[in-house]
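To start, the structure under review is shown below, and the notes come after it.
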Amino acid sequence: MNSSPFISASSSTRSVMIDVIIALLPLLVIALWAFGERAFVVVISCILSCLLVNVLSGYVILNKSKVSMDGSAIITGILLAFTLSPLTPWYVCVFGGSMAILFGKILWGGLGKNRFNPALVGREFMTAFFPFIMNGGSLWDTGLYVNNIDPGEYKIFLSGHFSTIIYNPTGALGEYSLVAISLGGIYLLIRNRISWHIPFTFLVTLSLVQSLLPIGNTIQFSTGGVLLGAVFMATDMPTSPTHRNAKLYFGMMLGLVISLLLYSGVHHVYLSYGILIMNAFMKQIGEVMKPNAWGHSFQKDTLEKIGQTSFHILLITFSVISLHKADVINWLIFGYAGYMLFKFYDQTQFKTRALF
Amino acid sequence: MLFIPDKKHYYKNNDLSDFATPKKLHMPLFGFKSPLELLVSKGQRVLKYQQLAHKEGLFGSSVHAPVSGVVGDVLTIDEWDYLEVFNDFLNESEVPSPMNPEAISIPEFRQILQGFGIEGSGGARFPSTAKYAIEAGDVETLIINGAECEPYLMADYALMKNYAQELALCIAFIQRLFKIPKAIIGIENQHRNLKPILEKALTNEEVIGGVKLLSDFYPQGGELQLIKSVTGKTLKKGSIPAKAGVIVNNVATIYAIYRAVFKGIPYTERIVTLFDEASQKGRNYWVPIGMPVSAISDHFFRPTSEHFSLVIGGPMMGRSVQDEGMAIHKGSGGILSLYKSSYQSENCIGCGYCADVCPQNLLPMEFSKNVEKQDINQLQNYYLQDCIECGACAYICPSRIPLVQDIREGKRLML
Ligand code: SF4
Ligand code: SF4
Numbered sequence: 001m002n003s004s005p006f007i008s009a010s011s012s013t014r015s016v017m018i019d020v021i022i023a024l025l026p027l028l029v030i031a032l033w034a035f036g037e038r039a040f041v042v043v044i045s046c047i048l049s050c051l052l053v054n055v056l057s058g059y060v061i062l063n064k065s066k067v068s069m070d071g072s073a074i075i076t077g078i079l080l081a082f083t084l085s086p087l088t089p090w091y092v093c094v095f096g097g098s099m100a101i102l103f104g105k106i107l108w109g110g111l112g113k114n115r116f117n118p119a120l121v122g123r124e125f126m127t128a129f130f131p132f133i134m135n136g137g138s139l140w141d142t143g144l145y146v147n148n149i150d151p152g153e154y155k156i157f158l159s160g161h162f163s164t165i166i167y168n169p170t171g172a173l174g175e176y177s178l179v180a181i182s183l184g185g186i187y188l189l190i191r192n193r194i195s196w197h198i199p200f201t202f203l204v205t206l207s208l209v210q211s212l213l214p215i216g217n218t219i220q221f222s223t224g225g226v227l228l229g230a231v232f233m234a235t236d237m238p239t240s241p242t243h244r245n246a247k248l249y250f251g252m253m254l255g256l257v258i259s260l261l262l263y264s265g266v267h268h269v270y271l272s273y274g275i276l277i278m279n280a281f282m283k284q285i286g287e288v289m290k291p292n293a294w295g296h297s298f299q300k301d302t303l304e305k306i307g308q309t310s311f312h313i314l315l316i317t318f319s320v321i322s323l324h325k326a327d328v329i330n331w332l333i334f335g336y337a338g339y340m341l342f343k344f345y346d347q348t349q350f351k352t353r354a355l356f
Numbered sequence: 357m358l359f360i361p362d363k364k365h366y367y368k369n370n371d372l373s374d375f376a377t378p379k380k381l382h383m384p385l386f387g388f389k390s391p392l393e394l395l396v397s398k399g400q401r402v403l404k405y406q407q408l409a410h411k412e413g414l415f416g417s418s419v420h421a422p423v424s425g426v427v428g429d430v431l432t433i434d435e436w437d438y439l440e441v442f443n444d445f446l447n448e449s450e451v452p453s454p455m456n457p458e459a460i461s462i463p464e465f466r467q468i469l470q471g472f473g474i475e476g477s478g479g480a481r482f483p484s485t486a487k488y489a490i491e492a493g494d495v496e497t498l499i500i501n502g503a504e505c506e507p508y509l510m511a512d513y514a515l516m517k518n519y520a521q522e523l524a525l526c527i528a529f530i531q532r533l534f535k536i537p538k539a540i541i542g543i544e545n546q547h548r549n550l551k552p553i554l555e556k557a558l559t560n561e562e563v564i565g566g567v568k569l570l571s572d573f574y575p576q577g578g579e580l581q582l583i584k585s586v587t588g589k590t591l592k593k594g595s596i597p598a599k600a601g602v603i604v605n606n607v608a609t610i611y612a613i614y615r616a617v618f619k620g621i622p623y624t625e626r627i628v629t630l631f632d633e634a635s636q637k638g639r640n641y642w643v644p645i646g647m648p649v650s651a652i653s654d655h656f657f658r659p660t661s662e663h664f665s666l667v668i669g670g671p672m673m674g675r676s677v678q679d680e681g682m683a684i685h686k687g688s689g690g691i692l693s694l695y696k697s698s699y700q701s702e703n704c705i706g707c708g709y710c711a712d713v714c715p716q717n718l719l720p721m722e723f724s725k726n727v728e729k730q731d732i733n734q735l736q737n738y739y740l741q742d743c744i745e746c747g748a749c750a751y752i753c754p755s756r757i758p759l760v761q762d763i764r765e766g767k768r769l770m771l
């Protein structure tokens, strides 16, 4: 390189990804411990399909063979598996993994260019294309298969309540251990792969709304799921804002949106909806909340812009709630798929023109 | 905030040495944003300290012969003009005219700065005449920049360690002349062993002020960041510090002023750090202005191969050497031989590290994106013009995006 600076820090995108994988490992162990080979099948089919589609479509569409090397496909696979029931059939997982990479990442232009969390995109595709499997009650009826650890041995040191934060195998694969999720989160914080801003404001807002507006005990959410979302999903680098102010706002609005979804009676999918909605506003938030440059003063129209953005976010949230109630969310997904294909077609046309 | 690890502590106590004067010098004929006019012609014999070229006016400057010898051609090397001077090794000098520092008036002082070719030594080469376009009482704080935040460079460190007394003498003189109530030398925390040495010297010369330890974060030596650390004032880029009652001078500039005022010697040599990454060897030398890189690289660096690049200045903000005819100028604090990086840049992953380390509070990733789109409005909207090109963002980027290159491109687009 002929331009300054002539030295650089040693970290690379790959080392960032490796850290995330390390942080996910304890959760993986717990999931496998709880559901044995069932969990293994789900995780492996997600990871393998992600890797495979990443290499193939990356090679064909982006014409870059190195896309497979950065480790982000493995993360997408693990995260996708973590949102699923251990009883999800493997072929549905394979479908989800493929869609996650294709429509969540590659068609956007590859790692970093995507606007939505790929794992959650994959999950929504699964729900849209396999509604009977994904919404069927039996999918979450996992009690029969769980590997219950001998309570006598395991609860000697811990009170019953305390032990549930270490091991509580209900819900999706990534939700079984609050301790494991927190450990992963702390590791990522120490390694500076996530910052505290989004998880903190998200969790604080969510609990504030909960305690200020307790409408009975009707609101049910999984603490594990929320923590998983806060640490690993909402903080996803490409799909969340890049700087402090915007992150604080992003987390706060995410808490608000998720509360709204919960109050409206959206079950199971409130987290994916909430994060995907916020993903859609990531760019706008980044711009509205941009820091003042050194020596510049606060821009007066900022407050107005923040108000506008918040209004838009709430509007979209209510629309999503209505679509969900009307049971037509899958059409939204079909529409998204169509749009992505069209966009891709359009861009490649453009690219070929530019080439010649 | 960015902390760049380096190994200054390994070699910072090395003493100063002189580098053998070369047979031929390449005197830079470019000043701050403008070329200098030649005062000598080809074939003419010049004495050491003789003025070779100058430029009048507020931003004027001049350059002097560091050796006696014969003038050669004007060479254009990598877009810049240099004047050849062939050393005759006789070392015959113009007799420095002694002055009485106590009798110098402010206008005379400015004349000295210009006539003796004093300019900023920290890299930007801002003419000191323009900096001192102030009157007595205009300025509250004189900040002396001893925060050599560029990794590997330690020329200022050596200067402060070995010439504390001279620096203090000059600071006291400037403080009296312009009636400046406070003078502060800012040094990095990692060099705090200098604090007692400098403090003693300042007390001896009855300077009102002191030494301030600054954090080791990069770029602590940036003028705006330094002003903030010392005075608490946040100045916008492009504002004139003197209007806020502050004036900032690099330690090497202060030393050059000292030599001009107290010895009558023009700015003809400076301390330069030579650093070789392959051998992890670094050392400070007194080097004449105009010393071509070739004269140094032959002696100091391992044979340069395609794996190394030579850099004039620091690794963060320096310039790569395209041609070894390029020479030391008054703003170059080092010549380095560094490993070439072989990384390929990838997509921005939105990690935000670049924003975290930007001292100007900017969002560098937006610059790259919008330069690609050629969106000048957005570049403005994201305050591209406030970037000081410190390179912190590009240093930290895990995707190895050439952010500084993009930023320069963006600034060209905005012109
Ligand atoms: S080069 Fe510019 S944008 Fe990058 S860190 Fe320095 S001031 Fe900020
Ligand atoms: S450091 Fe590089 S990869 Fe990270 S946000 Fe900045 S430009 Fe993008």
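Top line first, the protein sequences correspond to chains A and B.
So in this note's numbering, spot 8 of the first sequence is number 8, and the numbers just go up one at a time.
Add 356 to the 1-based position in the second sequence for this note's numbering, that's all there is to it.
For glycine and all other residues, C-beta sits at the position ideal for the given N, C-alpha and C.
- Note that the C-beta distance between C746 of chain B and M673 of chain B is below 9 Å.
- Excluding its 5 nearest sequence neighbours in each direction, I333 of chain A has C-beta neighbours in its own chain below 7 Å: E124, F125 and A128, listed in chain order.
- Within the stretch 292-320 of chain A, the residues whose Cβ lies closer than 8 Å to some Cβ of chain B are N292, A293, W294, G295 and H296, listed in chain order.
- I613 of chain B has its alpha-carbon roughly 10 Å from the corresponding atom of V607 of chain B.
- Taking 9 Å as the CB threshold, F202 of chain A stays off the interface with chain B.
- Nearest Cα to S417 of chain B within the set B:G428, B:I474 and B:F375: B:I474.
- Residue contact check for T590 of chain B against chain A: a CB pair falls below 9 Å.
- DSSP places I306 of chain A in the helix class (H, G or I) of the three-state scheme.
- Contact annotation: T317 of chain A and V288 of chain A have beta-carbon atoms that are not nearer than 9 Å.
- Sequence-distant partners of A503 of chain B (beyond 5 residues in either direction) whose C-beta falls short of 7 Å from its own C-beta, in its chain, are G542, I543, E544, L570, Q576, G577 and L582.
- The C-beta separation of G97 of chain A from S49 of chain A comes to about 3 Å, placing the pair in contact by the 8 Å criterion.
- Shown here, Y339 of chain A sits in a helix according to DSSP, grouped into three states.
- P89 of chain A and V42 of chain A have their C-alpha atoms some 7 Å from each other.
- Think of a sphere of 8 Å around the beta carbon of G110 of chain A: the chain B residues whose beta carbon falls inside it are N703, in chain order.
- Note on geometry: alpha-carbon atoms of I603 of chain B and S461 of chain B lie some 19 Å from one another.
- A check of alpha carbon separations from I684 of chain B across B:K404, B:I744 and B:Y623 identifies B:Y623 as the nearest.
- Spatial neighbours of A34 of chain A in its own chain (CB-CB distance under 7 Å, excluding positions within 5 residues in sequence) are listed in chain order as V146, N147, P169 and Y176.
- Chain-order list of chain B residues neighbouring K113 of chain A: N703, by C-beta distance under 7 Å.
- The beta carbon of L718 of chain B sits closer than 9 Å to some beta carbon of chain A.
- Excluding residues up to 5 positions away in sequence, M770 lie with their Cβ nearer than 8 Å to the Cβ of Q736 of chain B in the same chain.
- Between the beta-carbon of G295 of chain A and that of K593 of chain B there is about 6 Å, and that keeps the pair under the 8 Å contact cut.
- Taking 9 Å as the threshold, the shortest C-beta distance from D632 of chain B to chain A does not fall below it.
- The alpha-carbon of C93 of chain A is positioned some 6 Å away from that of S45 of chain A.
- For Y438 of chain B, the enclosing beta strand (DSSP E) stretches over residues W436 to N443.
- Chain order gives the chain B residues near A9 of chain A as Y751 and I752, where near means a beta carbon separation below 7 Å.
- For the pair P754 of chain B and A9 of chain A, the CB atoms are nearer than the 9 Å cut-off.
- For M340 of chain A, not one C-beta of chain B is nearer than 9 Å to its own C-beta.
- Not a single C-beta of chain A is nearer than 9 Å to the C-beta of G566 of chain B.
- Remark: three or more beta-carbon pairs, one from each stretch, lie closer than 8 Å, so the stretch 227-240 of chain A and the stretch 193-213 of chain A are flagged as touching.
- Within a 10 Å sphere around the beta-carbon of I190 of chain A sit fewer than 16 other beta-carbons, which makes this residue exposed.
- In this structure the stretch 240-257 of chain A lies against the stretch 273-281 of chain A, because at least three pairs of beta carbons, one per stretch, are closer than 8 Å.
- Check the Cα spacing between Q730 of chain B and each of B:R768, B:A421 and B:L431: the tightest is with B:R768.
- When distances are taken from the beta-carbon of I763 of chain B to the heavy atoms of ligand 2, even the shortest one reaches 8 Å or more.
- Residues of the same chain with a CB within less than 6 Å of the CB of G112 of chain A, apart from the 5 flanking positions on each side, are P238 in chain order.
- S15 of chain A has its Cβ no nearer than 8 Å to any heavy atom of ligand 2.
- Listed in chain order, the positions of the stretch 508-538 of chain B with a beta carbon within less than 8 Å of a beta carbon of chain A would be empty, since no residue qualifies.
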